[in-house]
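Trainee: Chains as they are written, first to last, in this note's numbering: chain Z, 1 to 362; chain V, 1 to 160. A virtual CB, placed ideally from N, CA and C, is assigned to each residue, including glycine. Could you have a look at this structure, given as structure tokens, before my questions?
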């Protein structure tokens, strides 16, 4: 019997109502997803769904971005051909300026090395890095991130700083096998401890979805002014100290903002610093272990050792018992009567201690 | 499939296409919320059980693709769909300017919800100028919504 011939023949479900039920169910599911969206327990892992999605999107984005990259290379080639003369002049001028800076830098480097040697400073070790390319680019106000074509397979981990040829770009927020997601400095969730190079004043670089992130919690009066260079401070151990970030400028809303160096050109090729922050370096299990848990107990004694130990223990117990018996006997005996004259007593050696007739020797 | 499946696939594809890191003369591509067109147009075409499910999937796609909070755009799109569904009975046959005003209002609602969700979850408010930078391109997609409604709305009263 067909469904329409049955008792439900005249049953009609209003489409608007069923659609409304689906909408309500979807809204409830979305709210639950929002509430459940927490960082994963292990900082090195993306949420599995996000990792799978990034891998798929990375493959697609890589294919789509390839023609754009080729076009950019072609445009650069043509521009290089037509603007070779002006570019040559500019580079010569820049080289002349840089020569003086190079001499200063070499002198300062030498002086700095001597100071470090004198003070016995432990400088930061060189940091390994791996190069990659941005595949997709989210530029919205609620999320600013990029997908990179290097991932955990090349040692990329959550928290690694990412640099372009001009300066700091962001940090790794999640790494799958061949791809990783980088949160830009301009993302609304980004917070980077920085310092003003001129005054050494500390501040927090806070992204808000605009192109120039905000400087918050600036310490000190008048410690920031237009044109100051901003570097990473290294506070908290999340970033190495001294990575170039940008230049200070006053925003239209009156707040201090930073024009990022990395915003000068398109972020295409990037370097991921395989920097281990303090949290990654510390062995959490060792830190949380009881204080003496690393000490090992001695192995059990052999039969011969056990017999010797037992023998020594028996002898010691017998000696202690004998000494105690002598003390008791000495205490029970009457005290000696002094018969010598005071002059004789003064010339005689001192009497042995009470209770130890043999002078306390055993 | 014609009025739900293909437009949904096109919206996802165009979102991926516009996420290419292309920069010409210092300018990047805009990043409108393409599925907003569907969330507005589908309830005006006719109610459907499939449309909210597809919108939920598109919202999750946006969240994962842009690296935002999972569920935020799914919530926004379904809120818009639900609001327009409630009012669809009164909106049938209205002038385009009325529909555009409604599109502006619904887009504003979606971005307001996204603003408060982001502010509440991260403790940091997104920049309003940056929000306008995504909202205006989204509003410019209204002709697509109008075309979709005209193309597939059959004005069948049984769907009201």
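Spatial neighbours of residue 8 of chain V within its chain, please: CB distance less than 7 Å, with the 5 preceding and 5 following residues excluded, ordered by chain position.
Mentor: Cβ neighbours of residue 8 of chain V beyond the five flanking positions: 38, 54 and 58.
Trainee: What three-state label does DSSP hand residue 244 of chain Z in the structure shown?
Mentor: Looking at residue 244 of chain Z - three-state DSSP - the assignment turns out to be strand.
Trainee: Let me know if residue 26 of chain V comes out buried or exposed under the rule of 16 or more other beta-carbons within 10 Å of its beta-carbon.
Mentor: Exposed, since its Cβ has fewer than 16 Cβ neighbours within 10 Å.
Trainee: Give the C-beta separation of residue 363 of chain Z and residue 135 of chain Z to the nearest angstrom, bearing in mind that I take them to be a contact with Cβ-Cβ under 8 Å.
Mentor: An answer regarding residue 363 of chain Z cannot be provided, because it is not within the stretch 1 to 362 covered by chain Z.
Trainee: Could you say which of Z:20, Z:233, Z:299 and Z:110 lies nearest to residue 198 of chain Z if we only look at CA atoms?
Mentor: The candidate whose alpha carbon is nearest that of residue 198 of chain Z is Z:233.
Trainee: With distances taken Cα to Cα, identify the nearest neighbour of residue 224 of chain Z among Z:304, Z:210, Z:257 and Z:328.
Mentor: Of the listed residues, the one whose Cα sits closest to residue 224 of chain Z is Z:257.
Trainee: When the Cα atoms are used, what is the spatial distance from residue 52 of chain V to residue 276 of chain Z?
Mentor: Those two C-alpha atoms are separated by around 44 Å.
Trainee: Taking DSSP as the reference, what is the three-state secondary structure of residue 34 of chain V?
Mentor: Coil at residue 34 of chain V, not helix or strand.
Trainee: Only counting the same chain, and skipping five residues up and downstream in sequence, which positions put a Cβ closer than 8 Å to that of residue 252 of chain Z?
Mentor: No residues qualify anywhere along the chain.
Trainee: Out of Z:79, Z:191, Z:231 and Z:175, which one is the CA nearest neighbour of residue 365 of chain Z?
Mentor: Missing from the structure shown is residue 365 of chain Z; chain Z here goes from 1 to 362 and no further.
Trainee: Only counting the same chain, and skipping five residues up and downstream in sequence, which positions put a Cβ closer than 7 Å to that of residue 301 of chain Z?
Mentor: For residue 301 of chain Z, where only same-chain residues beyond five positions count, the Cβ hits under 7 Å are 309.
Trainee: Quick one: is residue 31 of chain V buried, meaning 16 or more other Cβ sit within 10 Å of its Cβ, or exposed?
Mentor: Under this definition residue 31 of chain V is a buried residue.
Trainee: If you run the structure through DSSP and keep just helix, strand and coil, what is residue 157 of chain Z?
Mentor: It is coil, neither helix nor strand.
Trainee: So residue 230 of chain Z and residue 218 of chain Z are in contact, right, with Cβ under 8 Å, and what is the actual spacing, rounded?
Mentor: The pair is not a contact, with the Cβ atoms about 11 Å apart (cut-off 8 Å).
Trainee: Nearest-angstrom Cα distance between residue 19 of chain V and residue 94 of chain V?
Mentor: Near 35 Å, if we compare the C-alpha coordinates of residue 94 of chain V and residue 19 of chain V.
Trainee: At a CB distance below 8 Å, what residues from the region 257-277 of chain Z approach chain V? Give them in sequence order.
Mentor: Within the region 257-277 of chain Z, the qualifying residues are 265, 266, 267 and 268.
Trainee: May I ask you to report which of helix, strand or coil DSSP gives residue 66 of chain V?
Mentor: Correct three-state label for residue 66 of chain V: helix.
Trainee: How big is the Cα-Cα spacing for residue 167 of chain Z and residue 264 of chain Z?
Mentor: Using only the alpha carbons, I get a separation of about 10 Å.
Trainee: With a threshold of 7 Å on Cβ separation, who are the neighbours of residue 216 of chain Z within its own chain once the five nearest residues in sequence on each side are excluded?
Mentor: Within the same chain, residue 216 of chain Z has close Cβ partners 203, 204 and 206.
Trainee: Report yes or no: is there a C-beta of chain V within less than 8 Å of the C-beta of residue 53 of chain Z?
Mentor: It does; some Cβ of chain V falls within 8 Å.
Trainee: Using a C-beta to C-beta distance shorter than 7 Å, which residues of chain Z count as neighbours of residue 134 of chain V?
Mentor: In chain order: 140 and 141.
Trainee: CA-CA distance, residue 21 of chain V and residue 133 of chain Z?
Mentor: Approximately 10 Å, taken between the alpha carbons.
Trainee: Mind pulling the beta strand (DSSP E) runs of 3 or more residues that sit fully within the region 103-154 of chain Z?
Mentor: Runs of the beta strand (DSSP E) inside the region 103-154 of chain Z: 129-139 and 144-148.
Trainee: With a threshold of 8 Å, are at least 3 pairs of Cβ atoms found where one atom belongs to the region 152-171 of chain Z and the other to the region 110-120 of chain Z?
Mentor: These segments do not touch.
Trainee: Check the C-beta distance from residue 109 of chain V over to residue 79 of chain V and give it rounded, since I have them as a contact under 8 Å.
Mentor: That pair is a contact at about 7 Å.
Trainee: Inspect the beta-carbon positions of residue 182 of chain Z and residue 192 of chain Z and report whether they are closer than 8 Å.
Mentor: Contact: no.
Trainee: So the candidates are V:76, V:3, V:62 and V:114; which of them puts its Cα closest to the Cα of residue 50 of chain Z?
Mentor: Answer by Cα proximity: V:62.
Trainee: Along chain Z, which residues have their Cβ under 7 Å away from the Cβ of residue 138 of chain V?
Mentor: Those within 7 Å of residue 138 of chain V in chain Z number zero; the least Cβ separation is about 10 Å.
Trainee: Measure the beta-carbon distance from residue 100 of chain V to residue 56 of chain V and round it to whole angstroms, keeping in mind my assumption that it falls under 8 Å.
Mentor: Wrong, their Cβ atoms sit about 26 Å apart, outside the cutoff.
Trainee: Going straight from the alpha carbon of residue 144 of chain Z to that of residue 11 of chain V, what length do you get?
Mentor: Between residue 144 of chain Z and residue 11 of chain V, the C-alpha separation is close to 20 Å.
Trainee: According to DSSP, is residue 151 of chain V helix, strand or coil?
Mentor: Of the three classes helix, strand and coil, the one that applies to residue 151 of chain V here is helix, per DSSP.
Trainee: Let me confirm a value: residue 90 of chain V is counted as buried when at least 16 other C-beta atoms fall within 10 Å, else exposed. Which label applies?
Mentor: Counting Cβ neighbours within 10 Å, residue 90 of chain V comes out exposed, since fewer than 16 surround it.
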